[in-house]
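Taken in order, the sequence shown gives residues -20 to -1, 1 to 295; the numbers are from mature numbering (1 follows the signal peptide of the UniProt record, and there is no 0). In what follows, a single structure is set out as structure tokens and then discussed.
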Amino acid sequence: MTHVSVWCLLLCLRVRGVFGAHTDEVSVMEGDSVTLHTDVKLKQQHRIRWYLNGIQIAEITGDRNKPCTDDQCKDADGRFRDRLKLDHQTGSLTITNIRTTDSGVYHLQIINSIISKKTFGISVGVPDAEQNQMNIKAVNEGESVTLDPGEKKNDLMTWYFNDVCIAEINRDPNKDGKERFRDRLKLDYQTGSLTIRNITTTDSGVYKIQIIRSRFSITKSFNVTVTSLGLSSSVIEEKYVASAVVGVLLLVAAVAVVIYSHKRKTRKKDISTQHSDQANHVETSFPIQTDALLMTRAIETTPNASETPMGDKIF
């Protein structure tokens, strides 16, 4: 192949795109959901047929109560296994939990008096470890978490939690959503990312964002798990206050015990000193009294020379 031929081939691919010049192309990640819009409102006589790479995968006949999807259709290969949904009012096709094997060219036939055709090209990529981490969030109660779809701003982006609208660009969120989160949500109008502040265990679950464009819609899911800390913030604050009060009371009690013990020891020391002084006083005074008494008794018992008996006198 010459250089000119290669250049022409690259130019054609650039102009026509991967799936062709008149193909609406969408790139998604494995696990997302995609809805391909027909932009029509079906009438009773309308018939809708969907094909993937030339194989019929869904059909709505005149009886819209009996559509066929995937293996119910005669030519389908059963690859979707209940992952296809048909809108009976518009014929739009939704592929849930999309896989890499779902990549390809989707053809739509709208059969009435004439046959209208539309073509969609879907490319399904495999998320890397970082992308998986972005879609699975594990946080503690009281923290904040941000769910980022990784998309540019679109005309309409809607966030759902348990199938209830909680935030929406260009429209007001559902009242139930407002009541549930009570001003804890913050929506980035440039990227569509959603931040949940002061998260609680009741906020655990699956969050979905629907990104609506003119010819197709993409739905991305985020799994959020909130771990309880065992106590709410108010209870924790009360616990801290109670602990502080108990600590102060214990400190006061300890000081009182020390003061009481000191006073008691001082009092015992004073009493002991007093008893010692009294004992010393008795010991010093007792010998003096004893000597005086002995001297008195000696004087009383000593005979007087002038009182010598006459009978004993010698002539």
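Ideal Cβ positions, reconstructed from N, Cα and C, are used throughout, including at glycine.
Asked	Found
Quick check: His17 and Ile40, are their CB atoms within less than 8 Å of each other?	no
Use the C-beta contact count for Ile176: other C-beta atoms within 10 angstroms, 16 or more gives buried, fewer gives exposed.	buried
Is the separation between the beta-carbon of Thr74 and that of Thr15 shorter than 8 Å?	yes
Under 8 Å, do Ile189 and Pro129 count as touching if we go by C-beta distance?	yes
Find out if the Cβ-Cβ distance for the pair Val85, Gly101 is shorter than 8 Å.	yes
Within 10 angstroms of its Cβ, does Ala234 collect 16 or more other Cβ (buried), or is it exposed?	exposed
Starting from the C-beta of Gly105, find all residues in its chain whose C-beta is less than 8 Å away, skip the five residues before and the five after it, and write them out in chain order.	Ser7, Val8, Met9, Glu10, Thr80
Count the other CB atoms, across all protein chains shown, that sit within 10 Å of the CB of Gly71; report buried if there are 16 or more and exposed otherwise.	buried
In the segment 72 to 140, which residue ranges form an unbroken alpha helix (DSSP H) of at least 4 residues, counting only runs that do not cross its ends?	109 to 115
So which of Glu123, Glu131, His26 has the shortest CA-CA distance to Asn92?	His26
Identify, in the order they occur along the chain, each residue of the same chain with its Cβ nearer than 7 Å to the Cβ of Lys21, setting aside the five sequence neighbours on each side.	Gln69, Thr70
By DSSP's criteria, Gly185 is part of a beta bridge. Which residues make up the other side?	Val204
Apart from the five residues just before and just after Lys97, which ones in its own chain have a Cβ nearer than 7 Å to its Cβ?	His87, Leu88, Gln89
Pull up the distance between the alpha-carbon of Tyr140 and that of Leu32, whole angstroms please.	30 Å
In the structure shown, what three-state DSSP assignment does Tyr169 receive?	coil
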